[in-house]
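Count along the sequence shown from 1, then add 203; that gives the number in the working numbering.
Backbone N, C-alpha and C fix where the C-beta goes; we use that ideal spot for every residue, glycine too.
Bear in mind that the values here come from a model prediction, so they are computed numbers and not experimental data.
One structure is given here, and the rest of the page talks about it.
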Amino acid sequence: MFVTRFAPSPTGYLHRGHGFSALTAFEAAKDAGGRFLLRIEDIDRTRCRPEYEAAIHEDLAWLGLTWETPVRRQSDHMEDYARALRELAERSLLYRCFRTRREIAEAIESAPHGAMEAFRGRALPPAEEERRLAAGEPYAWRLSLEHAERALGGFEALTFQEEGRGPAGEHGLIAARPQLGGDVVLARKDVGVAYHLAVVVDDAGQGVTHVIRGQDLFEAAHVQRLLQALLGLPTPIYRHHQLLAGPDGKRFAKRDRAETLRELRERGMTAAQIRRELGFG
Numbered sequence: 204m205f206v207t208r209f210a211p212s213p214t215g216y217l218h219r220g221h222g223f224s225a226l227t228a229f230e231a232a233k234d235a236g237g238r239f240l241l242r243i244e245d246i247d248r249t250r251c252r253p254e255y256e257a258a259i260h261e262d263l264a265w266l267g268l269t270w271e272t273p274v275r276r277q278s279d280h281m282e283d284y285a286r287a288l289r290e291l292a293e294r295s296l297l298y299r300c301f302r303t304r305r306e307i308a309e310a311i312e313s314a315p316h317g318a319m320e321a322f323r324g325r326a327l328p329p330a331e332e333e334r335r336l337a338a339g340e341p342y343a344w345r346l347s348l349e350h351a352e353r354a355l356g357g358f359e360a361l362t363f364q365e366e367g368r369g370p371a372g373e374h375g376l377i378a379a380r381p382q383l384g385g386d387v388v389l390a391r392k393d394v395g396v397a398y399h400l401a402v403v404v405d406d407a408g409q410g411v412t413h414v415i416r417g418q419d420l421f422e423a424a425h426v427q428r429l430l431q432a433l434l435g436l437p438t439p440i441y442r443h444h445q446l447l448a449g450p451d452g453k454r455f456a457k458r459d460r461a462e463t464l465r466e467l468r469e470r471g472m473t474a475a476q477i478r479r480e481l482g483f484g
């Protein structure tokens, strides 16, 4: 059974780019006689707001999308992520990182390849770690690529199937290169989980067979494939699609105040017009 999902974060109102991605996944599920899921990725409690979540439902329904209920909200499943995190920690695949973002940026810049070098670290000596923990210093749980590679006997067997196109035209069977992302953050002390771990656990828990999303997340598939292998989870088929851009050539983004679906509706555009504009007429 073909199962896909649209998984927005309620940190702002949806724009055309979101609409295109949601419609792409929805139409793919319909064409395959499969299932379309909506998932709310609301682990960032400082930026997620109830009104944005309500607007997601309103905007998608206005576009003509339907989805299964109940809708999975990440904030309701923190124990699922904690369980996965504990498994990785018990296998010594994680370490606490106390460095600030500035310190990490400086470490990357001073590496032999400069900014092209992904961050790699290691656990502190036990006494130093205990001192920092006692002082209440914040930290992140990072995945140790060194330990992960040892646990799997190398990354050579890690592959994923790409039915769409990556940013450089990548297609077909892709050799995963998790080392490109360095020692990624899987959880922060104040949140309990980070994007990569949450999405891998969610997709497996919901039986997602096809991950359909924008090309900006193509690189994420590399580290997510590694996490699937470490946790013994199935690997979905990936289908990355083009990113929509405005007349200025810049892709639609919340941070750039892209015109929202809500604003388009308020100025009189119909759902049928938007669907045709996005190529789903």
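Any Cβ of chain D within less than 8 Å of the Cβ of I477? The question asks about chain D, but that chain is absent: this structure has only one protein chain.
One or two residues paired with V414 in a DSSP bridge: DSSP output for V414 lists Y441 as bridge partner(s).
Confirm, please, whether the CB-CB distance from M281 to R238 is below 8 Å. Here R238 is not near M281, since their CB atoms are 8 Å or more apart.
Going by the beta-carbon positions, is the gap between T207 and H444 smaller than 8 Å? no
A351 and F363 - do their beta-carbons sit closer together than 8 Å? no
Determine the DSSP secondary structure at I477, reduced to helix, strand or coil. helix
For H425, which three-state DSSP category applies? helix
Do you know offhand how far Y342's Cα is from A292's? 15 Å
Between the CA atoms of L400 and D406 - distance to the nearest angstrom: 10 Å
Taking only runs of the alpha helix (DSSP H) that begin and end inside the region 372–408, which ones reach a length of at least 4 residues, in chain order? 398–408
Taking the C-alpha atoms as reference points, what is the distance between I307 and G384? Rounded to the nearest angstrom, the two C-alpha atoms are 13 Å apart.
Which same chain residues, not among the five before or five after L467, have their C-beta less than 7 Å away from its C-beta? Result list for L467: I477, in chain order.
Hey, out of R345, T303, E422 and K392, whose CA is closest to E365's CA? E422
Can you name, in chain order, every residue of its own chain whose Cβ lies under 8 Å from the Cβ of S369, other than the five neighbours on each side? Checking the sequence, you will find Gly at residue 369 rather than Ser. Around G369: I377, Q418, F421 and H443.
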